[in-house]
Amino acid sequence: MNCHQSACKYFLIESGIALFIAFLINVAVVSVTGDVCSKPDLSVGNRAHCNNITLETAALLLKNVLGKWSSIIFAVSLLASGQSSMVTGTYAGQYIMQGFLDLKMKLWLRNLLTRCIAIVPSLVVTILFGSSATGTLIIIASVAILSWVLGFCLIGVNMYFLGGSILNWLVSDHIPKAGSIFAAFVVLALVIVYMGMLIYLTLRKENAAGTRLTVALDVIMTTTRSGQETLEIS
0 MNCHQSACKY FLIESGIALF IAFLINVAVV SVTGDVCSKP DLSVGNRAHC NNITLETAAL
60 LLKNVLGKWS SIIFAVSLLA SGQSSMVTGT YAGQYIMQGF LDLKMKLWLR NLLTRCIAIV
120 PSLVVTILFG SSATGTLIII ASVAILSWVL GFCLIGVNMY FLGGSILNWL VSDHIPKAGS
180 IFAAFVVLAL VIVYMGMLIY LTLRKENAAG TRLTVALDVI MTTTRSGQET LEIS
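At position 8 of the sequence shown the residue is numbered 7 (numbering that gives the first Met the number 0), and the sequence of numbers has no breaks.
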């Protein structure tokens with residue numbers, strides 16, 4: 000029991016440090032981007048980056064304000080987060096296939112299968128629709144859908160946690176069950192509001208971009224027709 004409590008303690012510390020560092024990076028990116036994009040005398044390049052802020056443009060804005068090392072540090076942090084996600088996904092796939100599903104296969108084949116399931120959909124979207132669709136896929140699929148799926152997973156985890164017959168010796172005595180249930184409902188409501196706003200803003204941005212493209216095409220077609228009519232009159 001003591002070893003399990005120690006493991007939970009150190010896992011909590013490790014996750015807390017990682018999330019705190021990620022929080023600092025996000026605050027730096029949002030603060031610098033907001034400071035640059037709120038200035039009235041924007042350069043042409045920064046104005047283009049501010050109109051469509053992505054991971055690439057955020058790195059460029061950091062580089063313009065804080066120097067070249069900020070862009071390098073941002074790239075290293077993205078690489079580290081991707082590596083951490085890949086390792087976590089590989090271990091999760093291994094444990095599920097070995098334990099829950101009782102599917103046994105060679106190690107290299109299992110890793111190849113789990114990686115292909117994760118990578119192939121994103122790769123297909125990137126090849127067919129380009130980087131803009133990939134950004135939308137990252138926002139909707141990786142953030143909104145993942146938050147929704149993890150919410151359902153946490154329902155089962157909380158049921159096991161609150162059911163004293165299964166994890167009785169791991170249940171915390173410092174937090175009452177009513178407090179845990181209340182916190183779960185509050186977090187669930189916040190996640191639903193967050194996902195709804197995220198999907199709405201993303202789709203509104205895509206519709207606005209499509210509207211601007213349609214207006215530009217109409218202007219081009221009108222100008223072309225006017226030129227043709229002028230030539231015919233001449």
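Even for Gly, the Cβ is constructed at its ideal location relative to N, Cα and C.
Three-state secondary structure assigned by DSSP to L149
By one-based count along the sequence shown, residue 149 stands at place 150. In this structure, L149 counts as helix in the three-state DSSP scheme.
With 8 Å as the threshold, decide whether the Cβ of I16 is near any Cβ in chain B.
Of the protein chains in this structure there is only one, and it is not chain B.
In its own chain, which residues sit with a C-beta less than 6 Å from the C-beta of C49, not counting the 5 before and 5 after it?
Working through the sequence shown from its first residue, we reach residue 49 at position 50. Excluding positions up to five away in sequence, the list reads C36.
So is the beta-carbon of T32 under 7 Å away from any non-hydrogen atom of the ligand PLP?
Questions concerning the ligand PLP fall outside what the structure shown contains, since it holds no ligand whatsoever.
Mapping DSSP to helix, strand and coil, what is G66?
The residue given as residue 66 occupies position 67 in the sequence shown. Residue state, collapsed to three classes: coil.
Could you check what DSSP says for M194 in three-state terms: helix, strand or coil?
For the purposes of this step, residue 194 is taken as the residue at position 195 of the sequence shown. The three-state secondary structure of M194, taken from DSSP, is helix.
Return helix, strand or coil for S37, following the three-state DSSP convention.
In the sequence shown, residue 37 corresponds to position 38, counting from 1. Note: S37 maps to coil in three-state DSSP.
Quick one: measure Cβ to Cβ for L16 and S76, integer angstroms, because I've assumed they're closer than 8 Å.
In the sequence shown, counting from the first residue as 1, residue 16 sits at position 17. In the sequence shown, counting from the first residue as 1, residue 76 sits at position 77. Reading the sequence as shown, one finds Ile at residue 16 and not Leu. Contact check for I16 and S76: beta-carbon distance about 14 Å, past the 8 Å limit, so the pair fails to qualify.
What's the call for F22, buried or exposed, on a 16-neighbour Cβ count within 10 Å?
For the purposes of this step, residue 22 is taken as the residue at position 23 of the sequence shown. So F22 ends up on the exposed side.
I'd like to know whether the C-beta atoms of L61 and V26 end up nearer to each other than 8 Å.
One-based indexing of the sequence shown puts residue 61 at position 62. One-based indexing of the sequence shown puts residue 26 at position 27. Not closer than 8 Å, so no.
Measuring only the C-alpha atoms, how far is F10 from V119?
Residue mapping note: residue 10 aligns to position 11 of the sequence shown, counting from 1. Residue mapping note: residue 119 aligns to position 120 of the sequence shown, counting from 1. Rounded to whole angstroms, F10 to V119 spans 31 Å at the Cα level.
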